[in-house]
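Undergrad:
2 protein chains.
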Amino acid sequence: MVTLAEVAQHAGVSASTVSYVLSGKRTISAVTKQRVERSIQELGYHPNAGARALASSRSNIIALMMPLRTDMYVPVMMEIAIAVATHAREHGFDVLMLTGEEGPAAVQRVVGSGLADAIILMDVELDDARLPLLRASGRPAVLIGLPAEPGGLTCVDLDFAEAGALCATHLAGLGHRDIVVIGEAPAVYERKTGFAERTIEGLRGRAQELGLRVLHRPCEGSYAAVAGALGQVFTERPGVTGFVVQNEQALEPLLSLLRQDRRAIPEDISVVAVCPEQVALQGSIRLTSVTIPAREMARQAVERLVAKIAGESQGEVFLLEPELVARASSGPAPAGG
Amino acid sequence: MVTLAEVAQHAGVSASTVSYVLSGKRTISAVTKQRVERSIQELGYHPNAGARALASSRSNIIALMMPLRTDMYVPVMMEIAIAVATHAREHGFDVLMLTGEEGPAAVQRVVGSGLADAIILMDVELDDARLPLLRASGRPAVLIGLPAEPGGLTCVDLDFAEAGALCATHLAGLGHRDIVVIGEAPAVYERKTGFAERTIEGLRGRAQELGLRVLHRPCEGSYAAVAGALGQVFTERPGVTGFVVQNEQALEPLLSLLRQDRRAIPEDISVVAVCPEQVALQGSIRLTSVTIPAREMARQAVERLVAKIAGESQGEVFLLEPELVARASSGPAPAGG
DNA sequence: GTGAAAGCGCTAACAA
DNA sequence: TTGTTAGCGCTTTCAC
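Chains as they are written, first to last, in the working numbering: chain A, 782 to 1118; chain B, 782 to 1118.
Right under this line is the structure:
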C-alpha cells in the first residue's frame, strides 16, 4: 500500500506538502504541485480513508436511511437513493445505505462512531422515533418528508397539500363535479407518514372552495383490491366522472378495469395521478399527473445537507412546488353529468 | 466525544483491556469485563470508526455497486440492495452504495483508499470493464450476474438457462407445441448482461428436445410496444398457445391486451413469467412463474463475500437452481391446436 | 488475565 | 511557499 509519506519522499517534498496539494488548503507553487501529482500518478497513490477520517474527524460519508418496508413505494425510493448517491459524489461524499431493520439505533451507531458526517432520512413518519436521537446527536441531518414537529430539523418534501389542490382545480376546471380519490394502501395511512393525508386534505380544501364532491378510498395495489374498491365506488357514486389516484400500484389495474367496464378515458372518466413522471408516461395511456420529483428532492436534500455540514445552514422546511401536467387521461366532464 | 482511553480510566483498567473486551480477542475475567461494559454504558461510548479502520486496516464496509441505468429492472435491484444491506449488518458490515455514473474508477477509489473491505457488483456485463480492476486490486469481490470470463471471481446468479428450460418443459408438458417468448427490451440484449441470452438459449435447447416451435421477440415494456409485438406475433404464428415472458414491465400490458383480444388465460393462451415472486402474485391473475430469487441471491453474495474477507473461500460460480411454480396462468393447450 | 507502548496514515497547527 | 511535528483513537505485539 502506497502512503503519503512515500509520495512525499518520491517527490522530494514533505508530507504536509503532499497533503496540501491534495486538499488545496494552502497555496502550492506550480512546480511542486506538478512534481507531487506526478509522484501520485506513478506510485498509484490513494489516500487512506480511515487515516483521513481519524485525522480530520470527517469521514466524507453521508448515511441514507431507507424506509422500513421494502415493498412500498419502491420506484420512487430507488430513484431518490440513486440521485442522493450521485449528488453526494459531486460534493465528495459517499453514501452509506442504512435499512430500517436496525431501527433508530442505526442513527446512533453511524453518528456516534463518526462513520457518517451527516444523515438523510427517508420515509419520515409524523412522530418519528429517530428524530429525538438525531437532534440529540447534533449532527447535520435532512429529512425527506415532513414530520409533525420539524423543530430545527431541515426537511425537504413535495408540497402534497398543494398537489392535491392542483388535482381538484384541474378536474373542476374541466367541469367535473363528483370525484373519487384512490389513495395509498391503508397501511400507508396507518404508518402516519403524512404525505397521503396532506394530499387528501389539500384536495378536500380546494374541492370545497370549488364545489366538488369528494369520496376518498384508500386501496391496496392488487388487481383484486382495486376491483373491489371500484365496484363500491360506482355503487356509492354512480355520477363520478373524475378519479385522482395516489397509488402507483393501483394505476394499471384501475385503467384496465375501467377499460373492461367500457368506460372510456377521458371521454367518460378522467384520471389524474400523483406519481413519478416515468410512471405517468409508461402506461397504456399518457396520464395527466402531478409529478413526484424524486430527483429534485434528492438533489435539494444533498445540497442542504452539504451546506449544513459546512455550517452554512439552519433547520428549515423546504416544500417543493408541485406541477400538474395535463396529458391524455383527463378531459371535459361528460355532458350528461 | 468519548474515547476508549476515557472508558479505560473510568473503569480503572488499561486501554488494551477495553479494546479486548470489545473485540473478544482475548480472555477477560468476568469482573473486569463487567466493569468495562458498565463504563461503556455510562459514558455512552462508541468506538471511532476511522481510528478503528486505521489501526486494523479493516473498515467493515462492503461496497455495493449498482447498475448504471436507474430505470431498468428496478424492483429486483432494490430488493437485492436492501437484502445485501440487511445481511451485511448481520455480519457487522455496513454497505456503501456506489452508482454506475462514476464508472469503473469507483472500484479503484473505494478499494484503493481502504474505504471498503470488499465489493459486490450488480448488473454485471459479459465483458465488464470493472473486472480487470477488481482482479488487479486483489480485494474480495462477488458478482451478482455471470460475466463471460469469471476466471477466479466469485459469481452468484440464477441459472437462467435452466429457468428457460423449465418454461419449455412446463408448456410442453401441457401439450403446447408453438410458443412465443416476449423478452427484455432490445437495450438489455445490447448491453450484454447475458442473463436474457442464457434464458432464451436454455429454453431453445429444451424446446428442440421436446419438439417445440419457438419465436423470440425482445420487447420494450410500454403498452404500445407490447401491442405492436403482439400484433406481429399473431400474424406470424397464428397457432401460438403459450407465452413465456421475461420482462416485468411487459407483463401487465400483455395480459391486458390478451384480455381485450378476447383470448382467455389459460384456456386459449398460457402465460409463464420469469420474474420476482411478488410480481407474479400481484397482477390480475396469479402467474405461473420461474421466480427470480432476489433476496436469496443477495444473501448468498454476502455470505460468500464474508467468507472471502475471512480468507476462507476462493473464486467460484454459484448458480441458483430455479423453480417453476404453476399458478393460474397456464393450463393444457387448447384441443383444436 | 492484564498493561505498556508502538504504530496505523493522515491533518493541521506552528515554525520558518 | 514549504517543512516539522504533535496528535487523531484505536489495535496489537510484547512483556509480565
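Each residue gets a CB set at the ideal place from its N, CA and C atoms; glycine is no exception.
Quick check: the Cα distance between A:A929 and A:Y970, rounded to an integer number of angstroms?
TA: Their Cα atoms are separated by approximately 14 Å.
Undergrad: In this structure, does DSSP put A:R958 in helix, strand or coil?
TA: Here A:R958 sits in coil by DSSP.
Undergrad: Can you name the residues of chain B whose CB is closer than 9 Å to the CB of A:R870?
TA: What A:R870 touches in chain B: L879, T880, E882, E883, A887.
Undergrad: May I ask which residues mark the beginning and end of the beta strand (DSSP E) holding B:H997?
TA: Start and end: 994–999.
Undergrad: Among the candidates B:A988, B:G945, B:S1003, whose CA atom is the shortest distance from the CA of B:E978?
TA: It is B:G945.
Undergrad: Just to confirm my understanding: we take B:Y1004, look at its own chain, exclude 5 residues before and 5 after, and list those with CB closer than 7 Å. What are they?
TA: Here the set comprises P1034.
Undergrad: Distance cutoff 8 Å, beta carbons only. Does B:V799 sit that close to anything in chain A?
TA: So no, B:V799 is outside the interface.
Undergrad: Could you name the residues of the region 823–840 of chain A whose beta carbon sits closer than 7 Å to any beta carbon of chain B, in the order they occur along the chain?
TA: Here the close residues are H827, P828, N829, A830, G831, A832, A834, L835, S840.
Undergrad: Run through chain B and tell me which residues come within less than 9 Å of A:G1122, C-beta to C-beta.
TA: Absent from the structure is residue 1122 of chain A, since the part of chain A shown begins at 782 and ends at 1118.
Undergrad: Rounding to the nearest angstrom, what Cα-Cα distance links A:Q889 and A:L1062 in this structure?
TA: Roughly 41 Å between the two C-alpha positions.
Undergrad: Determine which residues of the region 910–932 of chain A have a Cβ less than 8 Å from any Cβ of chain B, and write them out in chain order.
TA: Residues passing the 8 Å Cβ filter: none.
Undergrad: Straight-line CA distance for A:G1118 to A:G1092?
TA: Here A:G1118 scores only 45 on pLDDT, less than 50, and its place in the model should not be relied on; the value that follows carries that caveat. Each residue's alpha carbon lies about 58 Å from the other.
Undergrad: In three-state DSSP terms, what is A:A899?
TA: Strand, per DSSP.
Undergrad: What is the DSSP secondary structure of B:V783, reduced to helix, strand or coil?
TA: Note: B:V783 maps to coil in three-state DSSP.
Undergrad: Would you be able to state if there are at least three C-beta pairs under 8 Å between the region 886–902 of chain A and the region 922–940 of chain A?
TA: Touching, yes, given that three or more Cβ pairs across the two stretches are closer than 8 Å.
Undergrad: Pull up the distance between the alpha-carbon of B:V793 and that of B:V1087, whole angstroms please.
TA: The displayed chain sequence assigns Gly, not Val, to residue 793 of chain B. Rounded to the nearest angstrom, the two C-alpha atoms are 36 Å apart.
Undergrad: Is DSSP giving B:F941 helix, strand or coil here?
TA: The answer is helix: DSSP assigns B:F941 an H, G or I state.
Undergrad: Can you check whether the CB of A:A830 is closer than 8 Å to the CB of B:S840?
TA: Yes, the pair counts as a contact, with Cβ atoms nearer than the cut-off.
Undergrad: Check whether chain B comes within 8 Å of A:T867, counting only Cβ atoms and requiring the distance to be less than that.
TA: True, the Cβ-Cβ gap to chain B drops below 8 Å.
Undergrad: Looking at B:T980 and B:F941, is the spacing between their C-beta atoms short of 8 Å?
TA: Result yes, Cβ atoms of B:F941 and B:T980 sit closer than 8 Å.
Undergrad: Taking only runs of the beta strand (DSSP E) that begin and end inside the region 784–844 of chain A, which ones reach a length of at least 3 residues, in chain order?
TA: Qualifying beta strand (DSSP E) stretches: none in this window.
Undergrad: Would DSSP call B:G1118 helix, strand or coil?
TA: For B:G1118, the predicted model reports a pLDDT of 45, less than 50, meaning its position is unreliable and no value from the coordinates is stated.
Undergrad: Whose Cβ in chain B lies nearer than 7 Å to the Cβ of A:S1037?
TA: The contacting residues are S1037, S1065.
Undergrad: Should A:S1110 be labelled buried (16 or more other beta-carbon atoms within 10 Å of its own) or exposed?
TA: Buried, because 16 or more other Cβ atoms sit within 10 Å of the Cβ of A:S1110.
Undergrad: For A:F1024, which residues does DSSP report across the bridge?
TA: Per DSSP, A:V961, A:V1052.
Undergrad: Check the Cβ-Cβ distances between A:V858 and every residue of chain B, and say whether any is below 8 Å.
TA: The amino acid occupying residue 858 of chain A in the given sequence is Met; Val does not appear at that position. Yes - at least one Cβ of chain B is within 8 Å of the one on A:M858.
Undergrad: Return the CA-CA distance between B:M858 and B:V1026, expressed in angstroms with no decimal places.
TA: Between B:M858 and B:V1026, the C-alpha separation is close to 19 Å.
Undergrad: Helix, strand or coil for B:F1099 per DSSP?
TA: Reduced to three states, the DSSP call for B:F1099 is strand.
Undergrad: With A:S1070 as the anchor, note down where its beta strand (DSSP E) starts and where it stops.
TA: Looking at the DSSP string, the run of the beta strand (DSSP E) that includes A:S1070 is 1069–1072.
Undergrad: With DSSP collapsed to three states, give me the class of B:M1078.
TA: Note: B:M1078 maps to helix in three-state DSSP.
Undergrad: To which residues of the same chain is B:P999 closer than 7 Å at the C-beta, ignoring the five residues directly before and after it?
TA: Here the set comprises G964, E965, A966, P967, Y970.
Undergrad: Thinking just about the alpha-carbon of each residue, which of A:I1050, A:Q1059, A:A862 is nearest to the one in A:M878?
TA: That would be A:A862, whose Cα lies nearest to the Cα of A:M878.
Undergrad: Find out if the Cβ-Cβ distance for the pair B:E1017, B:P1115 is shorter than 8 Å.
TA: No, Cβ-Cβ distance for B:E1017 and B:P1115 is not below 8 Å.
Undergrad: Fully enclosed by the region 871–916 of chain B, which beta strand (DSSP E) runs are 3 residues long or longer?
TA: Runs of the beta strand (DSSP E) inside the region 871–916 of chain B: 875–879, 899–902.
Undergrad: For a cutoff of 8 Å on Cβ pairs, would you count A:D904 as touching chain B?
TA: No - not a single Cβ of chain B is within 8 Å of the one on A:D904.
Undergrad: Against chain B, does A:S894 count as a neighbour if the rule is that its beta carbon must be under 8 Å from one of theirs?
TA: Yes, contact with chain B.
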